[in-house]
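The sequence shown begins at 1 in full-length UniProt numbering and counts up one residue at a time.
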Amino acid sequence: MRAIPGTASATLTDVPDPEPQPGEVVIDVAAAGVNRADLLQRAGHYPPPPGASDIFGLEVSGVVSALGTGVTGWRVGDEVCALLAGGGYAERVAVPAVQVMPIPHGVDLVSAASLPEVACTVMSNVVMTGRLAPGELFLVHGGTSGIGTHAIQLASALGARVATTARNEDKLARAAELGADILVDYTVDDFVERLKIEGGADVILDIIGAKYLARNVSALATNGRLVIIGMQGGAKAELNIGQLMAKRASVSGTTLRPRPASGGPDSKAAVVTETVARTWPLIESGDIRPVIDSTFPLAEVDAAHARLESGDAVGKVLLTIG
C-alpha cells in the first residue's frame with residue numbers, strides 16, 4: 001500500500017499492507033484528519049508511543065476490510081471512523097476494534113474523518129475531566145481550530161455558556177455562528193478581564209500551556225477546572241498555588257494518543273464509548289456538525305500541513321485517500 005511514514009520528508013512510499021492482530025480490524029481508508037500532533041511528529045518533537053505505527057495520522061474514516069480473531073460487533077463492509085495512535089496517512093490501517101466508531105447518520109464518509117480526534121479529545125477533557133455542567137461558563141482557546149469548533153458546539157449543546165479566544169473579527173464571527181456567546185480577540189483584548197466580568201470560567205480548555213498558565217488561573221471561577229491539552233506556548237511556567245487554593249480550583253494536564261486501548265476509565269475504549277453515547281446523538285440531531293476547512297489528496301501532504309500550520313484554517317484539514 002501507499003503511505004507517508006512520519007519523517008521530516010513526508011514522502012509517499014510503498015509499505016507492507018497491515019495485517020489485523022487479535023482484537024483489531026483493518027480499514028480501507030477514505031480520508032484522514034490532519035492534526036498538530038502530525039506537525040510536531042514531522043519536526044521530530046512528538047514520536048509515536050511504543051508499539052504504534054510510525055506513519056502519520058491519528059484519525060481516519062473508511063470501510064472495514066478485514067477482522068482479527070476475537071473481533072465482534074463489526075463486519076467487513078461496515079463504514080466507520082476510528083481513533084488511532086498512528087498509521088492514518090495510508091491506504092489501509094490496522095486499529096484496535098475498541099477504537100472504531102460507526103459513522104453518525106447524516107455525515108458522509110470523507111467528512112467523518114474529521115470527528116474521532118476532536119470528538120474524543122473534547123469529550124475526555126471537557127466532560128469526563130472538566131465535568132462541564134449546564135449553566136456553567138466554558139472557555140476554549142483557539143475557538144476556530146478543529147478542537148475549538150467542536151468544543152464550542154458540544155458545550156453549547158450541553159447548556160453551557162461559551163467563551164472563546166481567536167485572533168481577528170472574521171474568526172470570532174465564525175465562532176459565534178457555532179454558538180460562542182463571549183468573543184475575545186486575543187490580539188487586542190485581555191481574556192482575563194473579560195472573564196472576570198462574567199464571574200470567571202468554570203472550565204477552561206487550553207491548547208497554549210505555559211504562556212497562558214497564570215492568566216488561565218486568574219480567569220477561573222471558584223471551583224474552576226483548567227484542563228491543559230497543548231503546549232503551543234511552552235512547557236514550563238510558575239503556578240501561583242495560593243491563588244489556586246483560594247479558588248479551590250484544579251489544573252489538569254492530559255494526552256489522548258499514549259493512552260492504552262483498553263483497561264480502565266481513562267482508556268481510549270472508555271473515551272470512545274462515551275463519545276459515541278453522548279456526542280453522536282448531538283451530531284445526528286444537528287446540534288453539532290463537522291467543520292471542514294479544506295481537503296487535499298494524500299500526495300499533497302505538504303500543502304495540507306502548510307494550511308494547518310498557517311493558523312488560517314477554520315475547522316479540520318483532511319487528506320483524501322481512498
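Heads up, the beta-carbon is just placed ideally off N, CA and C, and yes, glycines get one too.
Ala-228 - partner residues in DSSP beta bridges | Note that residue 228 is Ile in the sequence shown, not Ala. DSSP lists Asp-206 and Gly-253 as partners of Ile-228.
Classify Glu-24 as buried or exposed, calling it buried when 16 or more other Cβ atoms lie within 10 Å of its own Cβ.
-> buried
Top-ranked residue by Cα proximity to Gly-179, from Ala-157, Glu-169 and Arg-167 = Of Ala-157, Glu-169 and Arg-167, the smallest CA-CA separation from Gly-179 is found for Ala-157.
Assuming Gln-99 and Ile-288 make a contact with CB atoms under 8 Å, what is their CB distance in whole Å?
-> The Cβ separation is near 20 Å, so there is no contact.
Could you work out which residue in Gly-77, Cys-81 and Ile-204 is closest to Val-126 when comparing CA atoms only?
-> If we check each option's Cα against that of Val-126, Ile-204 comes out closest.
Per DSSP, the bridge partner or partners of Cys-120 = BP columns for Cys-120 are empty, so no partner.
Segments of 4+ residues assigned as alpha helix (DSSP H) that fall wholly inside the stretch 108 to 189 = 116 to 122, 146 to 157 and 169 to 178
C-beta atoms of Gly-200 and Leu-220 nearer than 8 Å | yes
What is the DSSP secondary structure of Arg-2, counted as helix, strand or coil?
-> strand
Would you call the CB atoms of Pro-116 and Ala-82 closer than 8 Å?
-> yes
Mind checking which residues open and close the alpha helix (DSSP H) that includes Val-196?
-> As written in the sequence, residue 196 is Lys, which differs from the Val given in the question. Here the alpha helix (DSSP H) through Lys-196 covers 191 to 197.
With burial defined as no fewer than 16 other Cβ atoms inside 10 Å of the residue's Cβ, what is the status of Thr-121: buried or exposed?
-> Buried, since its Cβ has 16 or more Cβ neighbours within 10 Å.
Given Gly-87 as reference, the closest of Arg-75, Pro-18, Ser-250 and Pro-265 once Cα atoms are compared | Pro-18
Closest by CA to Glu-177, which one among Thr-149, Arg-2 and Leu-109?
-> Thr-149
Are the beta-carbon atoms belonging to Met-123 and Val-271 less than 8 Å from one another?
-> Yes, Cβ-Cβ distance for Met-123 and Val-271 is below 8 Å.
For Val-314, collect the residues of the same chain with a Cβ closer than 8 Å to its Cβ; drop the 5 residues on either side in sequence, then sort them by chain order.
-> Thr-144, Thr-149, Lys-171, Arg-174, Val-291 and Asp-293
Proximity winner among Asp-108, Ala-119 and Val-217, relative to Val-63 (alpha-carbon distances) | Asp-108
In angstroms with no decimal places, state the Cα-to-Cα distance between Ile-208 and Pro-265.
-> 26 Å
Please work out which residues of its chain come closer than 7 Å, Cβ to Cβ, to Arg-257, disregarding the five sequence neighbours upstream and downstream, and give them in chain order.
-> If we look at Arg-257 and ignore the five residues flanking it on each side, its Cβ neighbours are Ala-37, Pro-49, Leu-58 and Ala-85.
For Val-184, which residues from the same chain have a beta carbon less than 6 Å from its beta carbon, with the 5 sequence-adjacent residues on both sides left out?
-> Taken in chain order, the residues that qualify are Thr-165, Phe-191 and Arg-194.
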